[in-house]
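So for the sequence shown, our numbering puts the first residue at -5; every next one is plus one.
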Amino acid sequence: MTVIDIHTHMFGNAWREMLGKHGKPDYDMKMQADNREYLMEKGAPACALEVEAFDFDARVKAQDADGIDLGIVSLTSPNVFWGGEDVSVETARRFNDEMAGGQTAYPDRIRWFASLPWEYPDKALAELKRALELGAVGVMVTAHVTKYDLIDPLFKPIWAELDRLALPVLIHPTAPFGTPDANYGRERILLPGLGFMYDTTLAIARMIVDGFFDTYPNIKTIASHAGGYLPYVAGRIDMFFGVETLAKMAITETPSTYLQNIYYDSIVYNPGGLDLCLEVSSPSMVMFGTDFPMPCDIPRLKELAGRYPKDQTDAIMSGNAARVFAL
């Protein structure tokens, strides 16, 4: 069975160099008590910096070991959203160049999502055009960009172009609003394990009730980690929507209706969680992902995706991705 991993990450050496020079005070890289170097987000250790996130030879070797035929790599949080305009633009450019180089070296094994300097729309649009010419198959953005929600008017020119091009857009969490106050560093695992899920949930829910998906119907939006908490709380959001009298909503259909038209990765470890994701969407809207080289259990993810009828499993493991990304 062909396996396409649509949620897997690279940082790249150029990104690492730029973060080391310009990331402080919000972002840094520090050795921790387990003698591994970690990416630090807002004071909390977010993830260990594994060699497969920097070396395409090591990455493809890992794909071989894990039974992954094609990886569509993306830059995870905090992406290029730090350092001011010049740094953000240069970091995006250098990252995209390095990912294009990985695809050139391994044309049958690697594709990539472009990173853009979203806070600077003119520069972002120029980099989008350049990245697509280099071979990018979509765009990755974090669930909020510094202080801005994704529905902020600042981003309208970017979303309009992404809609015109009908591109896949992976919405990936970052350290959620209020991270320093939440003290995620105390347990460490609760930032990626819980806080990130909240960040995605809030972002997508806000896009729904703001009317984003009516305004930009052609974007192939992909919600990370099986939609965060959205499949679990969809009925609750619908209930509040039905009785709301104070805030004017930009939509007339129930919020859960929009979940049917969003794509999801399959990165959830409870069988009921993946079942629920399929219930609010459909087997044609879910694509296999791993989060590698972040902590993950790839055999378990394959096991869960393999519980369905063969046509549905085949769609999740590769068929849907081949269609969405025109592979």
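Where is the CB? At the ideal position from N, CA and C, for every residue including glycine.
May I ask which residues mark the beginning and end of the alpha helix (DSSP H) holding residue i?
i, result
"Ser276", "Neither: Ser276 is in no alpha helix (DSSP H) and is coded neither H nor E."
"His16", "7 to 16"
"Ser250", "249 to 252"
"Asp259", "Element bounds for Asp259: not the alpha helix (DSSP H) but the beta strand (DSSP E), 257 to 259."
"Ile202", "190 to 203"
"Arg53", "50 to 60"
"Lys296", "292 to 299"
"Phe207", "206 to 209"
Using the beta-carbon count (16 or more within 10 Å), is residue i buried or exposed?
i, result
"Phe234", "exposed"
"Leu321", "exposed"
"Lys242", "exposed"
"Thr194", "buried"
"Ala244", "exposed"
"Asn213", "In the sequence under discussion, the amino acid at residue 213 is Ile, which differs from the Asn named in the question. Ile213 is buried by the Cβ-count criterion."
"Arg53", "buried"
"Met25", "exposed"
"Tyr263", "exposed"
"Lys36", "buried"
"Asn73", "buried"
So for residue i, helix, strand or coil by DSSP?
i, result
"Glu84", "helix"
"Phe107", "strand"
"Ile152", "helix"
"Ile231", "helix"
"Tyr114", "coil"
"Met311", "helix"
"Gln337", "For residue 337 there is no data in the structure shown, the boundaries of the chain being -5 and 321."
"Met(-5)", "coil"
"Gly187", "helix"
"Ala220", "helix"
Tell me which residue opens and which closes the beta strand (DSSP E) that residue i is part of.
i, result
"Glu35", "31 to 35"
"Leu64", "64 to 68"
"Ile216", "214 to 217"
From the DSSP secondary-structure annotation, give me the bridge partner or partners of residue i.
i, result
"Met134", "Leu164"
"Tyr21", "Glu35"
"Thr2", "Val67"
"Val139", "Tyr142"
"Met281", "Asp259"
"Ala42", "Tyr32"
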